[in-house]
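Quick note: the sequence shown uses the numbering used here, first residue 173, plus one each step.
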Amino acid sequence: MDYEIRGVRAGEWEPAREIRLAALRDPVAPIAFLETYERAVARPDEFWQQRTADAVEGRLSRQFIAEAPDGSWVGTVSVLVERPADEPGFGEAAECDQTHLVGVFVRPGHRGHGVLDALFREAVEWSWALSGPPVERVRLYVHEANARAAAAYRRIGFVPTGRSVRLEGDPGALELEFEIRR
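Here it is as structure tokens:
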């Protein structure tokens, strides 16, 4: 199946909200996302409108989607720009100019068809195209129990850094950092 990989557009907050809520209903959501479905579904429309507007602008973040020929969104990944002077968002403070991939999701019926690879290719290429100063690495975190995601990230070219972060709600669980360097 052919998919169009593109950045989210202004005004697309409703499909952006819908795919996020679908991701949070996925069976692996408790180990794949920090946010819960209950919290996300309760957010007002203005939250989703602003979140989408920020992801369109692309200065500090960018959201990419995989769109099927029928117009449905079947996958997404968001990219956060992190600079050493920034306050840490999740994980350790940025050691260099870098981006951080978050909100990775592909609908179950579209997994194994190259959607994840295409989304990551677009996200990494966008990261490398940033300037002022250029990005040195792209990172992401994956829950230690999410072996399927970790294997997919390795296949794409991400490697474990050896760094990890404990989760606030579950101090026994670790989020493992993976990266691709320029």
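For glycine and all other residues, C-beta sits at the position ideal for the given N, C-alpha and C.
Nearest to R181 by C-alpha distance, out of E294, V228 and D198, is V228. V314 is not a Cβ neighbour of T271, given a cutoff of 8 Å. Rounded to the nearest whole angstrom, the CA to CA distance from A240 to G284 is 15 Å. Proximity to A214 across G179, A204, D226 and L196 peaks at L196, based on C-alpha coordinates. For V251 against S299, the beta-carbon gap comes to about 6 Å, under 8 Å, which counts as contact.
In the three-state reduction of the DSSP assignment, F350 falls in the strand class, which pools E and B. The stretch 312–348 contains, as complete beta strand (DSSP E) runs of 3+ residues, the segments 331–338 (chain order). The residues A266, in chain order, have a CB closer than 7 Å to that of D258 in the same chain once the five nearest residues on each side in sequence are set aside.
Within the DSSP bridge table, the entry for I237 names R178 and T248 as partners. Residue range Q270 to V278 is occupied by the beta strand (DSSP E) that includes V276.
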